[in-house]
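Counting from 1 along the sequence shown, just add 608 to a position and that's the residue number in our numbering.
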Amino acid sequence: MEAQKEALQRIISTLAHKNDEIQNFIETLNHTLKGVQANASSVIGELDEEFDGLYSVLDEMKESMTTSIKQAEAHKTQELQNQLSQCSKALENSEELLEFATRSLDIKDTEDFSKAARQIKDRVTMAPAFRLSLKPKVSDNMTHLMVDFSRERQTLQALKFLPVPRAPEIVLADCLVADNSVTISWQMTEEDNKIDHYVLEYRKTNFDGLPRVKDERCWESIDYIKGTEYTLSGLRFDSKYMNFRVRACNKAVAGDYSDPVTLETKALVFNLDGSSSHINLKVEDSYVEWDSTGGKGQENKIKGKENKGSGQITLLKNNTRSGTPSPKRSSVSSRSPLIRGSRDRFTGESYTVLGDTAIESGQHYWEVKAQKDCKSYSVGVSYKNLGKFDQLGKTNTSWCVHINNWLQTTFAAKHNNKAKVLDVVVPDRIGVYCDFDGGQLSFYNASSKQLLYTFKTKFTQPLLPGFMVWCGGLTVTTGLQVPTAVKTLQKSENGLSGSASSLTNVAQ
């Protein structure tokens, strides 16, 4: 009976997953259908504009050529009319001279005849008819203004849609996710020497598989990529996965997107649990502030800040020397915490705040930065059962490094109320590496990746990130992958770390 129930439960789970996939595909088809209709209307509008542009150019060319023909006609007409006028005057003068010469033949007196002959000769010499060119200055030929648009007509008849680049193919084997960076590599399925650049689009998601139309985040794009590989760096991995797609563009148009790929970008993300923090630590969302007044006068809210470069920022500020109003106490983010409301608030001298997400397996990393005026603080982990009066490192269920800047700076690793002084300079940022399954908790200089100290033990219960702060503030950065340098150091330093037998045990 139980075996049948388990089998049926697996079938139900498989069907539910398949139904979810089909529903997502239906939404994708509907979205694509609407896109086809909208894009078809858009390209028809653009086609009308292009043809209207062609018509406008042809009209302008026709008007210009017609003007040229009319100007040539006017020029030739003027030249011929001028010649006609000159010839008419010459002919009139010649006819008068001819009539005078004809009459002179009838003169009988020798002297009068000679005089008339001389006059006729002089007039003939000066007559326009003998100085006039009898060749037309222009011809009636207008063939130089004729046109033959047969080639242009063939060109117009050969008009077709722009060549669109094919969709690239993302090479999954060459893609890399490391150190809060993602490298995406792709290739063209066919060689295309007209490609000018590529556009890479990405978005964060908590869903595996194909991208969802109704995903909670929008696509972001990187344009004008000249190569076939691109690295996105400085990312904050606050989602389980990231979707990627790429398209090729020539000088005119962009092609289809590649098939999307989904890469896992899992990293530990947590906020601080304001519901159980000490009353002198005010928490609103991911913003925490030390307050010596015990939480009184918290009328003004202070918004939390976020590091856009590589992770979530949680700030614990020193308010003892400034006039900055304190925020109202409230719980952290609305996501489902693992411990919120399940424990009493820290009190007494345990100025402690825990993370709201438990570590139950795997390797994780986060960083902590102290403000310059921070007098005392601790960074580490603890089990959930840390007592409300307990301080980090003073029980067998908590491990930490402690920095005291009150009179002189001391730096020590603490566990089970035992301390080991660390003879190293306190870094500006401390990196915390937790290997739950391997039983290691290491602290690093976050900038140089110098190993500061390593606890070796066997964790038997889920761990919570823990912080103590007094007269100062801390900034916690989460959403970080374990850096490659830390992974390498963990392998090379295994067995050579700063662990001491006096601080190593198996906490129950």
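Idealized CB from N, CA, C, for every residue including glycine.
DSSP three-state call for residue i: helix, strand or coil?
| i | result |
| --- | --- |
| Y806 | strand |
| I910 | Summary for I910: the model assigns pLDDT 35, below 50, so the residue's position carries little reliability; its value from the coordinates is reported in the next sentence. Three-state DSSP puts I910 in coil, outside helix and strand. |
| I887 | coil |
| L780 | helix |
| A615 | helix |
| R1037 | strand |
| G643 | helix |
| Q971 | strand |
| F1019 | strand |
| V1009 | strand |
| V874 | For the sequence presented, residue 874 should be read as Lys rather than Val. If DSSP states are grouped into helix, strand and coil, K874 belongs with coil. |
| C695 | helix |
| G1087 | strand |
| G661 | helix |
| A1027 | strand |
| L767 | coil |
| V869 | strand |
| G863 | strand |
| G799 | Checking the sequence shown, residue 799 turns out to be Glu, not Gly. Of the three classes helix, strand and coil, the one that applies to E799 here is coil, per DSSP. |
| L637 | helix |
| D747 | It is Ser, not Asp, that sits at residue 747 in the sequence shown. Of the three classes helix, strand and coil, the one that applies to S747 here is coil, per DSSP. |
| D656 | helix |
| K678 | helix |
| R953 | coil |
| N1004 | coil |
| S650 | helix |
| F708 | helix |
| M673 | helix |
| K822 | coil |
Who does residue i pair with in a DSSP beta bridge?
| i | result |
| --- | --- |
| R811 | N851 |
| A786 | S789 |
| I557 | The structure shown does not extend to residue 557, since the chain is modelled only from 609 through 1116, so no value can be given for it. |
| F1075 | V961 and V987 |
| F1051 | V1040 and Y1061 |
| Y838 | I792 |
| L753 | Per DSSP, none; premise fails for L753. |
| A978 | L1082 |
| A856 | Y806 |
| L880 | G963 |
| E828 | Y810 |
Give the straight-line distance between the Cα atoms of residue i and residue j, rounded to the nearest whole angstrom.
| i | j | result |
| --- | --- | --- |
| E658 | M754 | 28 Å |
| V877 | D800 | 43 Å |
| S884 | K1028 | 29 Å |
| K716 | E700 | 28 Å |
| V1033 | V976 | 15 Å |
| Y991 | W1078 | 22 Å |
| Y838 | V891 | 39 Å |
| K768 | G842 | 45 Å |
| E629 | L1049 | 40 Å |
| K1190 | G1087 | The first residue shown for the chain is 609 and the last is 1116, placing residue 1190 beyond what the model contains. |
| I728 | A735 | 10 Å |
| K983 | N1012 | 6 Å |
| S793 | R855 | 12 Å |
| L1097 | Q999 | 30 Å |
| R825 | R811 | 6 Å |
| V1040 | W974 | 5 Å |
| R618 | M609 | 14 Å |
| D1036 | H1010 | 14 Å |
| F846 | R953 | It should be noted that the sequence gives Asp, not Phe, for residue 846. Looking at the two C-alpha atoms, the distance is approximately 28 Å. |
| Y1052 | T1085 | 14 Å |
| S722 | S712 | 10 Å |
| L623 | E614 | 14 Å |
| Q691 | F738 | 14 Å |
| M750 | K684 | 10 Å |
| A1021 | L840 | 36 Å |
| H752 | A682 | 15 Å |
Evaluate residue i with the Cβ neighbour count: other Cβ atoms within 10 Å of its Cβ, from every protein chain shown; 16 or more gives buried, anything less gives exposed.
| i | result |
| --- | --- |
| A970 | It is Gly, not Ala, that sits at residue 970 in the sequence shown. G970 is exposed by the Cβ-count criterion. |
| R761 | exposed |
| H972 | buried |
| M850 | buried |
| R726 | exposed |
| V746 | exposed |
| V940 | With a pLDDT of only 32 at V940, under 50, the local geometry of the prediction cannot be trusted, and no value is derived from it. |
| S986 | buried |
| W1007 | buried |
| P744 | exposed |
| D881 | buried |
When every heavy atom of the ligand FAD is checked, does at least one fall within less than 8 Å of the C-beta of residue i?
| i | result |
| --- | --- |
| M754 | Absent from the structure shown: the ligand FAD. Ligands present: none. |
Where in the stretch 713 to 745 do unbroken runs of the alpha helix (DSSP H), each at least 4 residues long, occur, reported from the N-terminal end onward? 718 to 734
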